[in-house]
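My numbering puts the first residue of the sequence shown at 25, with every later residue one more than the last.
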Amino acid sequence: ASVRVVPTAPIDGQKPGTSGLRKRVKVFQQPHYTENFVQSIFTAMPTPGPLNATIVVGGDGRYFMRDAIHTIISIGAANGISNFIIGKDGILSTPAASALIRKRQADGGIILTASHNPGGPQNDFGIKYNIRNGGPAPESVTDAIYRASCEISEYKVTQLDTKVDLSIVGSQSFDGFSVEIVDPVQDYVELLREIFDFELIRDFRLKNPNFKLLFDALNGVTGPYGKRIFVEELGFSENSSLEQCTPLEDFGGCHPDPNLTYAHTLVERVNREHVDLGAASDGDGDRNMILSHDWFVTPSDSVAVIAHYATECIPYFKSTGIRGLARSMPTSCAIDRVAKAKGITSLFEVPTGWKFFGNLMDAGRLSICGEESFGTGSDHIREKDGIWAIVAWLNIIAYVSQKSSNFSVRSIMLDFYQQYGRNYFTRYDYEEVDADGAEKMITHLRSMAYLEKDGGIIGAVFNGYEVARVDDFEYVDPIDNSISKNQGLRIIFTDSSRIVFRLSGTGSQGATVRIYIERYDDKHIDLDAQVALKPLVDNALNISKLLEFTGRKEPTVIT
Ligand code: VG1
Ligand code: CO
Numbered sequence: 025a026s027v028r029v030v031p032t033a034p035i036d037g038q039k040p041g042t043s044g045l046r047k048r049v050k051v052f053q054q055p056h057y058t059e060n061f062v063q064s065i066f067t068a069m070p071t072p073g074p075l076n077a078t079i080v081v082g083g084d085g086r087y088f089m090r091d092a093i094h095t096i097i098s099i100g101a102a103n104g105i106s107n108f109i110i111g112k113d114g115i116l117s118t119p120a121a122s123a124l125i126r127k128r129q130a131d132g133g134i135i136l137t138a139s140h141n142p143g144g145p146q147n148d149f150g151i152k153y154n155i156r157n158g159g160p161a162p163e164s165v166t167d168a169i170y171r172a173s174c175e176i177s178e179y180k181v182t183q184l185d186t187k188v189d190l191s192i193v194g195s196q197s198f199d200g201f202s203v204e205i206v207d208p209v210q211d212y213v214e215l216l217r218e219i220f221d222f223e224l225i226r227d228f229r230l231k232n233p234n235f236k237l238l239f240d241a242l243n244g245v246t247g248p249y250g251k252r253i254f255v256e257e258l259g260f261s262e263n264s265s266l267e268q269c270t271p272l273e274d275f276g277g278c279h280p281d282p283n284l285t286y287a288h289t290l291v292e293r294v295n296r297e298h299v300d301l302g303a304a305s306d307g308d309g310d311r312n313m314i315l316s317h318d319w320f321v322t323p324s325d326s327v328a329v330i331a332h333y334a335t336e337c338i339p340y341f342k343s344t345g346i347r348g349l350a351r352s353m354p355t356s357c358a359i360d361r362v363a364k365a366k367g368i369t370s371l372f373e374v375p376t377g378w379k380f381f382g383n384l385m386d387a388g389r390l391s392i393c394g395e396e397s398f399g400t401g402s403d404h405i406r407e408k409d410g411i412w413a414i415v416a417w418l419n420i421i422a423y424v425s426q427k428s429s430n431f432s433v434r435s436i437m438l439d440f441y442q443q444y445g446r447n448y449f450t451r452y453d454y455e456e457v458d459a460d461g462a463e464k465m466i467t468h469l470r471s472m473a474y475l476e477k478d479g480g481i482i483g484a485v486f487n488g489y490e491v492a493r494v495d496d497f498e499y500v501d502p503i504d505n506s507i508s509k510n511q512g513l514r515i516i517f518t519d520s521s522r523i524v525f526r527l528s529g530t531g532s533q534g535a536t537v538r539i540y541i542e543r544y545d546d547k548h549i550d551l552d553a554q555v556a557l558k559p560l561v562d563n564a565l566n567i568s569k570l571l572e573f574t575g576r577k578e579p580t581v582i583t
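Take a look at the structure:
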C-alpha cells in the first residue's frame, strides 16, 4: 500500500496518565490530535519497534472507538506493522485484550477506552499502549511516547483502496499487512475455564436453585462476556441474572463505574430482590464490585478473601501455588494479614495503577493482587479483571457451601474478620476540583512531615490518634530498580491507622482529590465503616484544610 507523509506539529498535553491518555472526545477529534499520539506510540514502541510486528487492537465500544481503530490501522501499517489482531466490531475488554496479547504472543496492543469515565460525543475517550507481556506500558515507555509527541513533525498514513471491515471474523489481506478479526469472547472464556472450577459452580447452582446472581455490565463491554460465562457456561438464567448487558457507545448515558454511587440501580435491585451475589464491572471490564442484599465487600477485603481461599478451591492456584501477594499503597492491609498467616513472604506494596504489578508477575513473584479502586486480579493476565473476580467469588461461595450452610457473602466476610480482624476502609473522592487549590493542599500536607516542635504534626494528637509519621510514598521496583516518587502523601498514626492523600492520574478535567482512610480493629468487626472511621475522616479534613484549599464541603463519591 502506498504511504503518505503528513506534516504536523507537537500538540500540548499528550502525556499518558495512570492508564493511558484520557481526554474528552472533542480533544481527540481535533485535527492531528489522535494521529499525533498514535504515531508517537509507534515511534516509541520498544525495540525492535513496529517493523513486521503484530499488535492487538480493541476497546470498550465507546463513541469514537471505530474512528480510532481505522487511524491505528492506517498509521500502524505505514510504520511497518504487518499484522493486526482486532476484536469483532472493535470490541475487546481490557482483560481480554491482555489475554489475547499473551496468547498470540503479539508485540503489544492498543486498548481504546476511558475505563469507567462516561462515553459519548460530550464525554471521554482514551488510548492506552500495552507491552508484549499484556500489561500497561511501564513509565519508561509512556515517557518515551510523551517525548515523541513533543518532538513530532510528521506522521505516516497508509492509502487504502478498501476500508477494513471490522464486522467479519476472519483474516483480511492488504498490500503489505493483514488484519485478523477475532471473536472477542472465545479465547477469554477458554482461559477462565482453565482457571476456575466451572463444574463445581454448576453443581452448586443446581443444588441451590434459590441462589440469586445478578450481574450488571453497566452497558459497558462486559455484557457479551457475562452472558457467555454466567448464562451459557454456568447455567444462570439470562432473564434474572443479567442487567444492562448490551454494550452501548454512550453506556446509555450512565457512568459505567461499579461503585455504590454510580451503580445505584444495581444496589437497589440487589436489596429489593434479596440477591445473594450482586456484581458489576466498569466500561472496559477491568473493575468489579461485589455485594449482596446484606453486605458490601470493599475491594480491599475482596482481594484478601480471594487470596485466603485461592489454593483451597481455585484450580489455577491449586496448581501454581501462591507465588506472592500485592496491593497498591492506598489499598487496606487486609491482604497483608493473609500473607502473614499463610507464611507468604513475597508481599508488595506498589504505587496506584496496575502497571507496577506486571514486573513482579513476570519475575514469578506475584500471583494475586488488588487495588482499593475496585481492581482485582492475578498473574493469569497483566491487567485487573472484573469478570475473573466475580467468578472467583462464585467459585469460593460454591466451595464454602460444601462445608457449611453459611455460605452467604456476609458470613464469608464475618468468618474472615473473625480470623484476621478487620481493616476498616473508606475513600472520599472530590472530582473536578480546581487544580491549583489541590496542588496547594498537597504542598501544605508535605510541609507537615516534621516534628510538632518544628511546626509539623509528628507527635501531635488528633481525636485520640497520635501521628507517628508523614511521608510521600516512593517505590523502588525490586525487579528493574526504577524509582517512582511522590505517589501519595501518607499520615500514619501510632496504632497503624492511616490517611492517604493523592491526586488522580486518570481524570480528564480539573483535578480529583482522593483521600483514603484505614483503621484496623480485631474486637469490633461489624461496625458500619463510616461510623468506625468518622474520627479519622474528621482528622483528614482537618489536617489537610481541604475545605479551605478546594472550597469543597462534601465529596463527590464515597466508597
Ligand atoms: C484510578 C485508580 C487506580 C486504577 C486506575 C485505572 O487511578 O485509583 O487504582 O488503577 O484508576 O483504573 P487514579 O490515578 O485516577 O487514582 V481503570 O479501570 O480506569 O483502567
Ligand atoms: Co477500567
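We treat Cβ as the ideally placed atom computed from N, Cα and C, and that holds for glycine.
Is any heavy atom of ligand 2 found at a distance shorter than 7 angstroms from the C-beta of T376?
The sequence position of residue 376 within the sequence shown is 352, counting from 1. No - ligand 2 has no heavy atom lying nearer than 7 angstroms to the Cβ of T376.
Ligand 1 and R361: does the residue's C-beta get closer than 7 angstroms to at least one heavy atom of that ligand?
Position 337 of the sequence shown, counting from 1, holds the residue named residue 361. Result no, Cβ not under 7 angstroms from ligand 1.
Rounded to the nearest angstrom, how far is the Cβ of F449 from that of N283, given a contact under 8 angstroms?
Within the sequence shown, residue 449 is the residue found at index 425, counting from 1. Within the sequence shown, residue 283 is the residue found at index 259, counting from 1. F449 to N283, Cβ: 13 angstroms. No contact.
With V299 and S316 assumed to form a contact (beta carbons below 8 angstroms), what rounded beta-carbon distance in angstroms separates them?
If you number the sequence shown from 1, residue 299 lands on position 275. If you number the sequence shown from 1, residue 316 lands on position 292. Yes, they are in contact, since the Cβ atoms of V299 and S316 sit about 7 angstroms apart, within 8 angstroms.
Distance CB(G132)-CB(S139) smaller than 8 angstroms
Residue mapping note: residue 132 aligns to position 108 of the sequence shown, counting from 1. Residue mapping note: residue 139 aligns to position 115 of the sequence shown, counting from 1. Taking 8 angstroms as the Cβ cut-off, G132 and S139 do not qualify as a contacting pair.
C-alpha distance - F66 paired with L469, whole-angstrom precision
Locating residue 66 in the sequence shown gives position 42, where the first residue counts as 1. Locating residue 469 in the sequence shown gives position 445, where the first residue counts as 1. Distance between the alpha carbons of F66 and L469 is about 40 angstroms.
Provide the residue span of the alpha helix (DSSP H) that contains P559, from first to last.
Position 535 of the sequence shown, counted from the first residue, corresponds to residue 559. Residues K558 to S568.
Can you list, in chain order, the residues of its chain with a C-beta nearer than 8 angstroms to that of G114? Leave out the 5 residues immediately preceding and following it.
Locating residue 114 in the sequence shown gives position 90, counting from the first residue. V81, G82, G83, G85, M89, R90, I93, L136 and L190, listed in sequence order.
Which residue marks the beginning of the alpha helix (DSSP H) containing T58, and which one marks its end?
The residue you call residue 58 lines up with position 34 of the sequence shown. Counting along the chain, the alpha helix (DSSP H) containing T58 begins and ends at Y57 to A68.
Assuming R351 contacts I359 (C-beta within less than 8 angstroms), just tell me the rounded distance between them.
Numbered from 1 along the sequence shown, position 327 holds the residue referred to as residue 351. Numbered from 1 along the sequence shown, position 335 holds the residue referred to as residue 359. So it is a contact: roughly 5 angstroms between Cβ atoms.
May I ask which residues mark the beginning and end of the alpha helix (DSSP H) holding G100?
Your numbering for residue 100 matches position 76 in the sequence shown. Element bounds for G100: M89 to A102.
Determine, using beta-carbon pairs with one atom in the segment 164-178 and one in the segment 117-128, whether at least three such pairs fall under 8 angstroms.
no
Please report the distance separating the alpha-carbon of T166 from that of Q38.
Here residue 166 refers to the residue found at position 142 of the sequence shown. Here residue 38 refers to the residue found at position 14 of the sequence shown. So the alpha carbons of these two residues sit roughly 10 angstroms apart.
Quick one: complete alpha helix (DSSP H) runs, 4+ long, within the segment 147-212?
163-175
Work out the CA separation of H548 and E214 for me, nearest whole Å.
Within the sequence shown, numbered from 1, the residue matching residue 214 stands at position 190. Within the sequence shown, numbered from 1, the residue matching residue 548 stands at position 524. For E214 and H548, the distance between alpha carbons rounds to 43 angstroms.
Which one of S528, A556 and W412 has the shortest CA to CA distance from T42?
Walking along the sequence shown from the start, residue 42 turns up at place 18. Out of S528, A556 and W412, S528 has the C-alpha closest to the C-alpha of T42.
Along the alpha helix (DSSP H) that carries P31, what are the first and last residues, could you check?
Here the question's residue 31 lines up with position 7 in the sequence shown. P31 -> not in any alpha helix (DSSP H); beta strand (DSSP E) instead, spanning S26 to P31.
In angstroms, rounded to a whole number, what distance separates the CA positions of R347 and S370?
Indexing the sequence shown from 1 puts residue 347 at position 323. Indexing the sequence shown from 1 puts residue 370 at position 346. Going by the C-alpha atoms only, they are around 7 angstroms apart.
Taking 7 angstroms as the cut-off, is the CB of E395 close to at least one heavy atom of ligand 1?
Position 371 of the sequence shown, counting from 1, holds the residue named residue 395. It does: the Cβ of E395 is within 7 angstroms (strictly closer) of some heavy atom of ligand 1.
When DSSP labels each residue in this structure, what does S402 get in the three-state scheme?
Stepping through the sequence shown from its first residue, residue 402 is reached at position 378. Strand, per DSSP.
Quick one: what does DSSP say G277 is sitting in, helix, strand or coil?
The residue labelled residue 277 in the question sits at position 253 within the sequence shown. G277: helix per DSSP, three-state reduction.
Quick one: what does DSSP say E456 is sitting in, helix, strand or coil?
Along the sequence shown, one-based indexing puts residue 456 at 432. Looking at E456 - three-state DSSP - the assignment turns out to be strand.
Could you check the C-alpha separation between N234 and A365 for me, to the nearest Å?
Walking along the sequence shown from the start, residue 234 turns up at place 210. Walking along the sequence shown from the start, residue 365 turns up at place 341. If I take the Cα positions, the gap works out to 35 angstroms.
With a Cβ-Cβ cutoff of 8 angstroms, do K127 and D211 count as a contact?
Position 103 of the sequence shown, counted from the start, is the residue given in the question as residue 127. Position 187 of the sequence shown, counted from the start, is the residue given in the question as residue 211. For K127 and D211, yes; Cβs fall inside 8 angstroms.
Using the C-alpha atoms, what's the distance from I516 back to Q129?
Translated into positions along the sequence shown, residue 129 becomes position 105. Translated into positions along the sequence shown, residue 516 becomes position 492. If you take the alpha carbons of Q129 and I516, they lie about 43 angstroms apart.
Ligand 1 and H298: does the residue's C-beta get closer than 7 angstroms to at least one heavy atom of that ligand?
Mapped onto the sequence shown, residue 298 falls at position 274. No; taking the cut-off as 7 angstroms, the Cβ of H298 has no heavy atom of ligand 1 nearer than that.
Please say whether F440 and V329 have beta carbons closer to each other than 8 angstroms?
Here residue 329 refers to the residue found at position 305 of the sequence shown. Here residue 440 refers to the residue found at position 416 of the sequence shown. Cβ atoms of V329 and F440: closer than 8 angstroms.
Whole-angstrom C-beta distance between D310 and G410, which should lie under 8 angstroms
For the purposes of this step, residue 410 is identified with residue 386 of the sequence shown, where counting begins at 1. For the purposes of this step, residue 310 is identified with residue 286 of the sequence shown, where counting begins at 1. Right, the Cβ-Cβ distance comes to about 6 angstroms (below 8 angstroms), so this counts as a contact.
May I ask whether a heavy atom of ligand 2 can be found less than 7 angstroms away from the beta carbon of H140?
What you label residue 140 is simply residue 116 of the sequence shown in a count that begins at 1. Under cutoff, so the answer is yes.
Can you give the beta carbon distance from L230 to I421, rounded, assuming they're within the 8 angstroms contact cut?
The residue labelled residue 230 in the question sits at position 206 within the sequence shown. The residue labelled residue 421 in the question sits at position 397 within the sequence shown. Between I421 and L230 the Cβ distance is about 14 angstroms, and since that is not below 8 angstroms, they are no contact.
So what does T450 bridge to, in DSSP terms?
Here residue 450 refers to the residue found at position 426 when the sequence shown is read from its first residue. According to DSSP, T450 bridges with I541.
Can you look up N419 in the DSSP assignment and give me helix, strand or coil?
Taking the sequence shown and counting its residues from 1, one reaches residue 419 at position 395. Correct three-state label for N419: helix.
In angstroms with no decimal places, state the Cα-to-Cα distance between N487 and F52.
Within the sequence shown, numbered from 1, the residue matching residue 487 stands at position 463. Within the sequence shown, numbered from 1, the residue matching residue 52 stands at position 28. In a straight line, the C-alpha of N487 is about 48 angstroms away from that of F52.
Sorry if obvious, but does the Cβ on R538 come closer than 7 angstroms to a heavy atom of ligand 1?
Within the sequence shown, numbered from 1, the residue matching residue 538 stands at position 514. Yes, the Cβ of R538 comes within 7 angstroms of a heavy atom of ligand 1.
Buried or exposed: where does D306 fall if 16 or more other Cβ atoms within 10 Å of its Cβ makes it buried?
For the purposes of this step, residue 306 is taken as residue 282 along the sequence shown, with counting starting at 1. Buried, by the Cβ-count rule.
Tell me the residue span of the alpha helix (DSSP H) that contains L384.
By one-based count along the sequence shown, residue 384 stands at place 360. Counting along the chain, the alpha helix (DSSP H) containing L384 begins and ends at K379 to D386.
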